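Participant: Under the working numbering, the sequence shown has 102 at position 102, and the numbering climbs by one with no breaks. Even glycine gets a Cβ: it sits at the ideal position worked out from N, Cα and C. No experiment lies behind these values; they were computed from the predicted model shown.
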Amino acid sequence: MQKLIECVPNFSEGRDLNIIRQITDVIESVDGVSLLDVDPGTSKNRTVVTFVGELDAAVEAAFRAIKKAAELIDMRKHKGAHPRMGATDVCPFIPVSGVTWEEAIECANRLGKRVGEELKIPVYLYEKAAKDKTRSNLSVIRAGEYEGFFEKIKQPEWKPDFGPAVFNEKWGGTVIGVRDFLVAYNVNLNTKSVRRTNSVAFDVREQGRVKTGDGTPWGKPVLDANGEPVRIPGMLKHVKAIGWFVKEYGIAQVSMNLTNIEETPLPVAFDACVEAAAKRGMRVTGSEIVGMVPKKCLVDAGRYFLRKQRWSEGVSQEELIEIAIRSLGLDELKPFDPKEKVIEFKIESAEPRNSILRMNLREFCNETSKDSPAPGGGSVAALMGALGASL
1 MQKLIECVPN FSEGRDLNII RQITDVIESV DGVSLLDVDP GTSKNRTVVT
51 FVGELDAAVE AAFRAIKKAA ELIDMRKHKG AHPRMGATDV CPFIPVSGVT
101 WEEAIECANR LGKRVGEELK IPVYLYEKAA KDKTRSNLSV IRAGEYEGFF
151 EKIKQPEWKP DFGPAVFNEK WGGTVIGVRD FLVAYNVNLN TKSVRRTNSV
201 AFDVREQGRV KTGDGTPWGK PVLDANGEPV RIPGMLKHVK AIGWFVKEYG
251 IAQVSMNLTN IEETPLPVAF DACVEAAAKR GMRVTGSEIV GMVPKKCLVD
301 AGRYFLRKQR WSEGVSQEEL IEIAIRSLGL DELKPFDPKE KVIEFKIESA
351 EPRNSILRMN LREFCNETSK DSPAPGGGSV AALMGALGAS L
């Protein structure tokens with residue numbers, strides 16, 4: 001089995017397409033790597049890039065991309081809605097095929113060591129690659145963001161895992177790690193108010209909101225015996241969320257990271273936002289997937305909405321995906337093409353289909369019309385038998 005690993009670096013540039021293209025060009029310059037998706041955001045001023053490759057190739061492509069981003073992006077001039085701390089803000093690896101967690105962690109360490117030593121960029125390891133488990137959470141590492149890291153990095157507990165304990169003002173720092181599939185998912189509201197959208201985000205996210213004495217957002221926080229703020233948990237496990245305004249769309253969004261899509265799948269997060277927004281007189285108008293999504297997410301979402309309708313789930317995979325797209329409003333802001341947004345479809349399209357075993361039925365039938373020696377009569381007879389049995 002071919003060993004494939006996915007890498008999803010997030011770059012702090014979403015407006016200058018020339019810079020983004022130069023970064024993706026160096027990724028594609030590495031043999032054995034397939035660029036799957038490039039998703040820039042103007043208001044966030046951030047681009048999420050997705051590529052897959054064999055282990056060594058993926059590490060090399062990630063290094064070249066981080067190096068190019070440090071050359072081209074000046075964090076002193078960066079403004080955007082998304083939290084960030086460096087030119088390459090975060091660079092996670094995700095095992096895809098035949099790769100163990102240990103192998104993925106070794107990739108993260110190799111990349112982090114090289115970035116720290118050769119590029120002199122402070123590197124923090126997170127999630128499954130974290131050496132210090134007290135700072136395995138990305139939001140904990142990134143707290144204070146770029147502006148706060150000049151002082152934060154001087155604290156002994158925030159010494160980088162690799163690279164100098166000095167924060168370079170041009171390129172900042174980088175977080176590298178290994179994680180499960182994460183879906184970056186934004187739900188659209190019919191409001192421009194970030195404050196009201198944050199109230200929905202606080203309702204649904206796992207950490208909820210700080211409890212106050214008078215129950216208002218601006219009230220005095222209630223403290224526990226250790227002097228820490230008491231929190232009111234949110235509706236959903238494994239969900240991080242904030243509210244923001246997206247200028248290019250003219251709307252506010254609840255921006256979520258779904259870190260366990262088995263426990264909290266897309267439609268459950270969507271419906272939680274619908275419920276929380278309705279309590280405040282707002283409506284959910286659609287949603288947006290940033291980057292790519294596993295096929296199972298959309299297939300399961302289609303089944304979820306059919307069950308809600310008390311309707312048969314016995315439809316094709318394509319129909320289930322179409323139901324998910326319509327029900328979640330994934331094409332409200334821009335067209336949603338499963339061939340471009342679903343990881344498995346994109347990987348499949350990047351692979352050569354020379355082998356008959358890799359062909360779908362249409363490609364197989366087309367091949368029989370050619371002068372090629374295979375497929376022959378036996379293969380065609382097997383197809384006819386399979387089609388007859390399926391009836």
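How long is the line joining the alpha carbons of V49 and A70, rounded to whole angstroms?
Facilitator: Stepping through the sequence shown from its first residue, residue 49 is reached at position 49. Stepping through the sequence shown from its first residue, residue 70 is reached at position 70. Straight-line Cα distance between these residues: approximately 16 angstroms.
Participant: What does the Cβ neighbour count give for V380, buried or exposed, with the cut at 16 atoms within 10 Å?
Facilitator: Position 380 of the sequence shown, counted from the start, is the residue given in the question as residue 380. So V380 ends up on the exposed side.
Participant: For the alpha helix (DSSP H) containing R307, list its first residue and its last residue.
Facilitator: The residue labelled residue 307 in the question sits at position 307 within the sequence shown. It spans 295-308 - the alpha helix (DSSP H) in which R307 sits, taken as one unbroken run.
Participant: State the DSSP-derived secondary structure class of M256, mapped to helix, strand or coil.
Facilitator: Your numbering for residue 256 matches position 256 in the sequence shown. If DSSP states are grouped into helix, strand and coil, M256 belongs with the strands.
Participant: Runs of 4 residues minimum, wholly inside the region 209-287: which ones carry the alpha helix (DSSP H) assignment?
Facilitator: Runs of the alpha helix (DSSP H) inside the region 209-287: 266-279.
Participant: Taking the alpha carbon of G173 as the point to measure from, which residue in V183, D161, R231, R179 has its own alpha carbon closest?
Facilitator: What you label residue 173 is simply residue 173 of the sequence shown in a count that begins at 1. It is D161 whose Cα lies nearest to the Cα of G173.
Participant: Give the secondary structure of G98 by DSSP, where H, G and I count as helix, E and B as strand, and everything else as coil.
Facilitator: Within the sequence shown, the letter at position 98 stands for residue 98. Correct three-state label for G98: coil.
Participant: Can you tell me whether R353 is helix, strand or coil according to DSSP?
Facilitator: Start at 1 with the first residue of the sequence shown, and residue 353 comes out as number 353. Confidence in R353 is poor, its pLDDT being 49 and thus under 50, which makes the residue's placement too unreliable to answer from.
Participant: Tell me, please, whether the region 113-132 touches the region 72-80 by the rule of three or more beta-carbon pairs shorter than 8 angstroms.
Facilitator: no
Participant: Can you look up N10 in the DSSP assignment and give me helix, strand or coil?
Facilitator: Within the sequence shown, the letter at position 10 stands for residue 10. DSSP places N10 in strand when its eight states are reduced to three.
Participant: Quick one: which unbroken alpha helix (DSSP H) runs of 4-plus residues sit fully inside the region 21-97? Chain order, please.
Facilitator: 55-72
Participant: Can you check whether the CB of I321 is closer than 8 angstroms to the CB of V290?
Facilitator: Locating residue 290 in the sequence shown gives position 290, counting from the first residue. Locating residue 321 in the sequence shown gives position 321, counting from the first residue. Result no, Cβ atoms of V290 and I321 do not sit closer than 8 angstroms.
Participant: With three or more beta-carbon pairs closer than 8 angstroms as the criterion, would you say the region 152-169 touches the region 216-224?
Facilitator: In short, these stretches do not touch, since the Cβ pair count stays below three.
Participant: Any idea if L114 is buried or exposed, counting beta-carbon neighbours within 10 angstroms, 16 or more meaning buried?
Facilitator: Sequence index remark: in the sequence shown, residue 114 carries index 114 (1-based). Note that residue 114 is Arg in the sequence shown here, rather than Leu. With 16 or more neighbouring CB atoms inside 10 Å of its own CB, R114 falls in the buried class.
Participant: Which residues does DSSP pair with I19 in a beta bridge?
Facilitator: Start at 1 with the first residue of the sequence shown, and residue 19 comes out as number 19. None; I19 has no bridge partner.
Participant: Taking a contact to mean a Cβ-Cβ separation below 8 angstroms, would you say V183 touches A277 in this structure?
Facilitator: Within the sequence shown, residue 183 is the residue found at index 183, counting from 1. Within the sequence shown, residue 277 is the residue found at index 277, counting from 1. In this structure, A277 does not lie closer than 8 angstroms to V183 by Cβ.
Participant: Quick one, are the C-beta atoms of V99 and L35 less than 8 angstroms apart?
Facilitator: Residue mapping note: residue 99 aligns to position 99 of the sequence shown, counting from 1. Residue mapping note: residue 35 aligns to position 35 of the sequence shown, counting from 1. No. Outside cutoff.
Participant: Ignore the nearest five residues each way along the sequence and tell me which others in F364's own chain have a CB closer than 6 angstroms to its CB.
Facilitator: Against the sequence shown, residue 364 aligns to sequence position 364. Once the five neighbours on either side are set aside, F364 has no close Cβ partner at all.
Participant: Assign Q253 to one of two classes, buried (16 or more other C-beta atoms within 10 Å of its C-beta) or exposed (fewer than that).
Facilitator: Locating residue 253 in the sequence shown gives position 253, where the first residue counts as 1. By the neighbour-count rule (16 or more Cβ atoms within 10 Å), Q253 is buried.
Participant: Go ahead and pull the three-state DSSP assignment for L119.
Facilitator: Indexing the sequence shown from 1 puts residue 119 at position 119. Reduced to three states, the DSSP call for L119 is helix.
Participant: Could you check the C-alpha separation between F270 and E118 for me, to the nearest Å?
Facilitator: In the sequence shown, residue 270 corresponds to position 270, counting from 1. In the sequence shown, residue 118 corresponds to position 118, counting from 1. Answer to the nearest angstrom: the Cα atoms are 43 angstroms apart.
Participant: Would you report the Cα separation of V268 and K240, rounded to the nearest angstrom?
Facilitator: Locating residue 268 in the sequence shown gives position 268, counting from the first residue. Locating residue 240 in the sequence shown gives position 240, counting from the first residue. Approximately 14 angstroms between the Cα atoms of the pair.
Participant: Kindly indicate which residue of R84, I121, A58, L72 has the alpha-carbon position closest to the one of E106.
Facilitator: Your numbering for residue 106 matches position 106 in the sequence shown. Of R84, I121, A58, L72, the residue nearest in Cα terms is A58.
Participant: As a quick exercise: from G213, P92, N186, A272, pick the residue whose alpha carbon is nearest that of G286.
Facilitator: Along the sequence shown, one-based indexing puts residue 286 at 286. Comparing Cα positions, the closest option is N186.
Participant: Once you ignore the five residues that flank G14 on each side, which residues in its own chain have a CB closer than 6 angstroms to its CB?
Facilitator: As a first step, residue 14 is located in the sequence shown; it is residue number 14 there, counting from the start. Beyond the five residues adjoining it in sequence on each side, G14 comes within less than 6 angstroms, by CB distance, of P40, G41, T42, K44, N45, R46, T47 in the same chain, given in chain order.
Participant: I want to see whether chain B comes within less than 8 angstroms of K341, judged by CB atoms only; does it?
Facilitator: In the displayed structure, chain B is absent; only one protein chain is listed.
Participant: Could you compute how far the alpha carbon of K426 sits from the alpha carbon of E103?
Facilitator: In the structure as shown, the chain begins at 1 and stops at 391. Residue 426 is therefore absent and cannot be evaluated.
Participant: Who does G172 pair with in a DSSP beta bridge?
Facilitator: Within the sequence shown, numbered from 1, the residue matching residue 172 stands at position 172. DSSP, once it has assigned bridges, lists G86 as partnering G172.
Participant: Consult DSSP for F167 and reduce its assignment to one of helix, strand or coil.
Facilitator: The sequence position of residue 167 within the sequence shown is 167, counting from 1. Here F167 sits in coil by DSSP.
Participant: Please tell me whether I27 and R64 are closer than 8 angstroms, where the distance is taken between their beta carbons.
Facilitator: Taking the first residue of the sequence shown as 1, we reach residue 27 at position 27. Taking the first residue of the sequence shown as 1, we reach residue 64 at position 64. It is a contact, given that the beta carbons lie within the stated cut-off.
Participant: Based on the DSSP output, what are the partners of A184 in its beta bridges?
Facilitator: By one-based count along the sequence shown, residue 184 stands at place 184. N257, V290.
Participant: When we look at the beta-carbon of P9 and count the other beta-carbons within 10 Å, is it buried (16 or more) or exposed?
Facilitator: Reading the sequence shown from its first residue, position 9 is the one you call residue 9. Classification of P9: buried, given that the 10 Å Cβ count is 16 or more.
Participant: List the residues that DSSP assigns as beta-bridge partners of I153.
Facilitator: Locating residue 153 in the sequence shown gives position 153, counting from the first residue. According to DSSP, I153 bridges with nothing at all.
Participant: Measure how close the beta-carbons of A272 and L236 come, nearest whole angstrom, since I'm counting them as under 8 angstroms.
Facilitator: Numbered from 1 along the sequence shown, position 272 holds the residue referred to as residue 272. Numbered from 1 along the sequence shown, position 236 holds the residue referred to as residue 236. Right, the Cβ-Cβ distance comes to about 6 angstroms (below 8 angstroms), so this counts as a contact.
Participant: Just list the residues that DSSP pairs V178 with in beta bridges.
Facilitator: Along the sequence shown, read from residue 1 onward, the residue named residue 178 stands at position 178. In DSSP, V178 forms a bridge with F93, E127.
Participant: Provide the residue span of the alpha helix (DSSP H) that contains L138, from first to last.
Facilitator: Here residue 138 refers to the residue found at position 138 of the sequence shown. That run of the alpha helix (DSSP H) goes 138-142.
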